[in-house]
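Structure, as structure tokens:
Protein chains: 2
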Amino acid sequence: MLLRQLFDRETSTYTYLVADPRTRSAALIDPVREQLERDLKLIEELGLNLEYVLDTHVHADHVTASGALRDRTGARSIGSTRGAKCADLQVRHGDRVVLGDLEICILETPGHTDDSLSFLIDGNVFTGDALLVRGTGRTDFQNGSPEVLWDSLTKVLFQLADSTVVWPGHDYKGHTQSSIGEEKRHNPRVAGKSKAAFVKILDELGLPPPKHIDEAVPANRECGQPAALV
Amino acid sequence: MLLRQLFDRETSTYTYLVADPRTRSAALIDPVREQLERDLKLIEELGLNLEYVLDTHVHADHVTASGALRDRTGARSIGSTRGAKCADLQVRHGDRVVLGDLEICILETPGHTDDSLSFLIDGNVFTGDALLVRGTGRTDFQNGSPEVLWDSLTKVLFQLADSTVVWPGHDYKGHTQSSIGEEKRHNPRVAGKSKAAFVKILDELGLPPPKHIDEAVPANRECGQPAALV
């Protein structure tokens, strides 16, 4: 499997390019609108065909490039049945999307938002904002819920093999990856904690709202192409 | 091979943690002083023993954590025979450093600075500021030379297998890795260029000096622990 991690410094967002080296079929996970040209150039240079653009959820901190990528390449966009209605494929837990010789297994991992998905591909899990390296997403908007996030972490993600590589949707401290085993042992919000303790931590975070939430959420509900801008 | 890429957002510097999973012997490449605690914590959580700290060169844009890591862990520091005299091991082209079941092959790749090294480990090359993703280091200080850098790129690094994974010392556009084959084909400073054209590009870059050069270079000549601070 070909895998490239890409970073948007402005919003500390990770985008992932995943491809089957034999068929050259590719998917982009969580692309950022401002990085559209960078990502298209890389896809071209690597000789890949972009088949799918996947959003782990309706983001509040950046605008997705999914709609623009669909227009430019013919790729199909994928999101949760609970997410943006503009997505070509609305998927749910247990669905599988074929990408050349690879398979993208859809996991519903709500809690950060009610539409949060993770994508399991060949021993790698792309966790969006559900599970971060030594952290988790916040749960205080877009129908987030710490109780639901706890269940997604402990009953879905932590059921994967310990060796599964974790690729987060963001990182603010310069970490780029982790593993399920590592997060079980060392994630300070979850390791050795009860559900009640986890909920208390999340409820007391007291974070300011994301800077661009008022623009990003409505735009992302339209695949990054709000009518006013098209 | 266990490999973790770590990022210092302030200076866009990549640090690499490399380890042999069997013996738990580990090395850190280009650690940043401000990230010392993050890196020590990760090493501890992964159950690794830090044996070596390697600097690809005397950096001008950030202060190395090599001296502090040596003090805290007992690891030995490694640099070029042309680099910081404080390093425990001063290595040259063709030297090999044993790291558990792994071997670190030393490549001299001068041109960004006269002491620039690359490290080849198990199909991965850590290129410091010699070769960047779709770019190269600048050559206008610390005895840099575009002619010498051209030779390092074409006669040393581009002689490695095309599949060799390239891990750069910095990136400013959110790329995290490349390969030798990709850089041969798509690096805009080198692909399809003559040595003369390359030298002209480098000579005409006209970049401002690195912000922290006056502090960083003297500090790094003392492994990040200038006498005034100890």
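Going line by line, the protein sequences match chains R and A. First residue of the first sequence: 18, per our numbering; consecutive thereafter. First residue of the second sequence: 18, per our numbering; consecutive thereafter. Idealized CB from N, CA, C, for every residue including glycine.
At a Cβ threshold of 9 Å, is residue i touching chain R?
| i | result |
| --- | --- |
| A:Leu23 | yes |
| A:Glu221 | no |
| A:Lys201 | no |
| A:Ser83 | no |
| A:Thr73 | no |
| A:Thr171 | no |
| A:Leu174 | no |
| A:Leu166 | no |
| A:Glu125 | no |
| A:Leu106 | no |
| A:Thr32 | yes |
| A:Ser29 | yes |
Are residue i and residue j touching if we call contact CB-CB under 9 Å?
| i | j | result |
| --- | --- | --- |
| R:Lys20 | R:Leu65 | Sequence inspection shows Leu at residue 20 of chain R; the Lys mentioned does not correspond to that position. No. |
| R:Ile46 | R:Phe136 | yes |
| R:Gly154 | R:Gly145 | yes |
| A:His74 | A:Gly100 | yes |
| A:Ala82 | A:Asp56 | yes |
| A:Asp131 | A:Gly161 | yes |
| R:Leu134 | R:Leu86 | no |
| R:Ser180 | R:Ile197 | yes |
| A:Glu199 | R:Leu63 | yes |
| R:Leu177 | R:His129 | no |
| R:Gly241 | R:Arg89 | no |
Counting only C-beta atoms, is residue i closer than 9 Å to chain A at any point?
| i | result |
| --- | --- |
| R:Asp188 | yes |
| R:Thr144 | no |
| R:Arg55 | yes |
| R:Thr193 | yes |
| R:Arg206 | no |
| R:Leu45 | no |
| R:Arg26 | yes |
| R:Ser162 | no |
| R:Val247 | Here the model assigns R:Val247 a pLDDT of 48, short of 50, so the residue's position is not dependable, and the following value carries that caveat. So no, R:Val247 is outside the interface. |
| R:Ser211 | no |
| R:Leu59 | yes |
| R:Glu62 | yes |
| R:Gln52 | yes |
Measure how close the beta-carbons of residue i and residue j come, nearest whole angstrom, since I'm counting them as under 8 Å.
| i | j | result |
| --- | --- | --- |
| A:Asp112 | A:Ser94 | Their Cβ separation, rounded to whole angstroms, is 15 Å, which puts A:Asp112 and A:Ser94 out of contact at 8 Å. |
| R:Phe215 | R:Arg206 | 6 Å |
| A:Thr98 | A:Val114 | The pair is not a contact, with the Cβ atoms about 14 Å apart (cut-off 8 Å). |
| A:Pro163 | A:Asp220 | 6 Å |
| R:Tyr33 | R:Phe158 | Not confirmed; about 24 Å, so no contact. |
| A:Val35 | A:Ile123 | Wrong, their Cβ atoms sit about 14 Å apart, outside the cutoff. |
| R:Pro227 | R:Ala77 | 5 Å |
| A:Pro48 | A:Val70 | 6 Å |
Measuring from the CB of residue i, is there a heavy atom of the ligand FAD at a distance below 8 Å?
| i | result |
| --- | --- |
| R:His129 | For the structure depicted, the ligand FAD is absent and the ligand set is empty, with no information on it obtainable. |
Sufficient close CB pairs (3 or more, under 8 Å) joining the region 24-33 of chain A to the region 184-201 of chain R: yes
Three CB pairs or more closer than 8 Å across the region 192-201 of chain R and the region 146-159 of chain R: yes
Inter-stretch contact (C-beta, 8 Å, three-pair minimum) for the region 112-121 of chain A and the region 36-53 of chain A: yes
Meets three-Cβ-pair contact criterion under 8 Å: the region 235-242 of chain R and the region 171-179 of chain R: Not touching, per the Cβ criterion.
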